[in-house]
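As structure tokens, the structure follows; a few thoughts come after it.
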Amino acid sequence: MEYRKLGNSGAVVSAYCLGTMTFGAESDEATAFQLMDDYVAAGGNFIDTANVYSAGVSEEIVGRWLKSRPGVLRDLVLTTKGRFPMGQGPNHLGLSRKNLREALDASLKRLGVDHIDLYQMHAWDALTPIEETLRFLDDAIGNGKIAYYGFSNFLGWQLTKAVWTAKAKGFAPPVTLQPQYNLLVRDIEHEIVPAALDADIGLMPWSPLGGGWLSGKYKRDQMPTGATRLGEDPKRGMEAFDKRNAQPITWAVIGAVEDIAKARGASMAQVALAWLSQQPAVTSVILGARTTDQLKDNLGAADLVLSAEEIATLSDVSKPEMSDYPYGAGGIGQRNRNIEGGR
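One point on numbering: in numbering that gives the first Met the number 0, the residue at position 185 of the sequence shown is 184, and numbering is uninterrupted.
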């Protein structure tokens with residue numbers, strides 16, 4: 000397992016993080032315990048959860064696992080999130096000091112710990128001044144409840160505003176951003192990746208396999224069935240079958256991933272994960288395995304380093320469509336200049 004700095008902090012995390020969104024929903028407690036045991040045995044030290052995962056049950060499962068494995072917490076970097084509703088009241092969500100204080104204390108209790116290594120704001124809150132959120136987080140660092148903080152699902156301007164507000168106010172800086180990012184969803188490269196690089200923020204991509212599409216489990220024009228996420232719900236969220244099936248780029252990307260996987264003797268999932276792990280600003284890729292077999296296969300990506308040619312092949316075929324300006328060739332050309340001058 001490769002280890003990397005946690006963004007601009009001094010903490011060190013494994014290049015693959017174990018996501019726990021499935022715990023208490025798609026993975027029962029016994030399976031979740033085995034997933035965490037297998038992950039740690041493979042050298043992983045980074046576990047990601049959130050208060051809204053299974054309405055708190057995911058955190059509770061992680062907490063019971065930590066309690067049953069004395070000493071393991073010292074070797075882990077533990078992260079959770081707050082922002083989304085944990086009740087019906089108007090103050091039961093958001094990034095206000097009131098909600099975050101209660102959300103953080105509740106997460107600490109469910110996890111059975113006295114501090115969180117990385118506390119992430121699960122999404123932007125347009126109603127709460129960013130200064131209020133950042134002051135709470137700085138205070139939480141000061142009182143020892145969290146070591147670092149980061150964000151999830153922020154846009155580029157939101158990330159940059161938070162970074163520079165923290166700097167202007169003398170608050171501790173954010174260290175991470177957790178965005179959706181994979182070979183089928185690369186829009187963050189327009190603004191979010193540059194913002195993260197500028198601030199030395201580490202990216203923790205979620206949905207690295209595009210909801211299972213990049214593992215090769217779905218076939219063109221064949222409605223999914225069986226015990227898969229889309230088999231159980233073909234209209235599921237952003238990875239809904241009809242929408243992606245109708246896009247030619249989906250199958251061009253899957254075909255390229257499959258070709259490289261066959262040539263390297265690897266699984267398609269491993270190729271897709273390896274590509275993502277090798278992208279700029281990526282600190283740790285979040286694995287969302289539901290079963291121990293899926294996790295074992297995913298962890299195989301840690302031993303796969305793609306060549307520059309393979310990276311280029313996948314990057315070219317998955318390049319998102321865009322207008323010439325400001326994100327296409329015309330805009331890119333104007334954002335750089337030749338050191339020797341001229342156009």
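Here a beta-carbon is modelled for each residue, glycine too, at the ideal position from N, C-alpha and C.
On a predicted model such as this, the values are computed, not experimentally measured, just so you know.
Check	Outcome
For residue 305 and residue 262, the rounded distance between their alpha carbons	11 angstroms
Contact belief for residue 215 with residue 228 at Cβ below 8 angstroms, rounded distance in angstroms	Not quite, the Cβ-Cβ distance comes to about 14 angstroms (not below 8 angstroms), so this is no contact.
Close-in-space but distant-in-sequence residues of the same chain around residue 145 (CB under 8 angstroms, 5 per side omitted)	103, 114, 115, 116, 117, 118, 136 and 139
Cβ-based burial, residue 51 [other Cβ within 10 Å; buried from 16]	buried
Residue range of the unbroken alpha helix (DSSP H) whose run includes residue 119	Where residue 119 is concerned, there is no enclosing alpha helix (DSSP H), although the beta strand (DSSP E) it sits in stretches over 115-120.
Distance between beta carbons of residue 236 and residue 266, contact taken as under 8 angstroms	With a Cβ gap of about 24 angstroms, residue 266 and residue 236 do not count as contacting.
Collapsed DSSP secondary structure at residue 24 in the structure displayed	coil
Best match in 165, 276 and 221 for proximity to residue 206 [C-alpha to C-alpha]	276
Residue nearest to residue 123 in terms of C-alpha spacing, selected from 112, 150 and 97	150
Local Cβ density within 10 Å of residue 349, reported as buried at 16 or more and exposed below that	Past the edges of the chain, shown from 0 to 342, lies residue 349, and the structure says nothing about it.
Presumed contact (8 angstroms Cβ cut-off) between residue 268 and residue 296, rounded CB distance	6 angstroms
Rounded straight-line distance, which links the Cα of residue 255 to that of residue 98	45 angstroms
Given residue 190 as reference, the closest of 175, 208, 158 and 217 once Cα atoms are compared	158
Contact test: residue 200 Cβ vs the ligand SAM heavy atom, cutoff 6 angstroms	Looking at this structure, you won't find the ligand SAM or any other ligand, since it has none at all.
Sequence ranges, beta strand (DSSP E) only - wholly within the stretch 169-223, length at least 3	175-177
C-beta atoms of residue 169 and residue 109 nearer than 7 angstroms	no
Same chain only: Cβ atoms within 8 angstroms of residue 233, ignoring 5 sequence neighbours per side	222, 223, 239, 240 and 241
Whole-angstrom distance between residue 246 and residue 156, CA atom to CA atom	29 angstroms
Residue 80, buried or exposed, once every other Cβ within 10 Å from all chains shown has been counted against 16	buried
Buried or exposed by the 16-neighbour rule on C-beta atoms within 10 Å, applied to residue 294	buried
Member of 9, 13 and 35 whose CA lies at the smallest distance from the CA of residue 292	35
Other residues of its chain near residue 327: CB distance less than 8 angstroms, five sequence neighbours each side excluded	321
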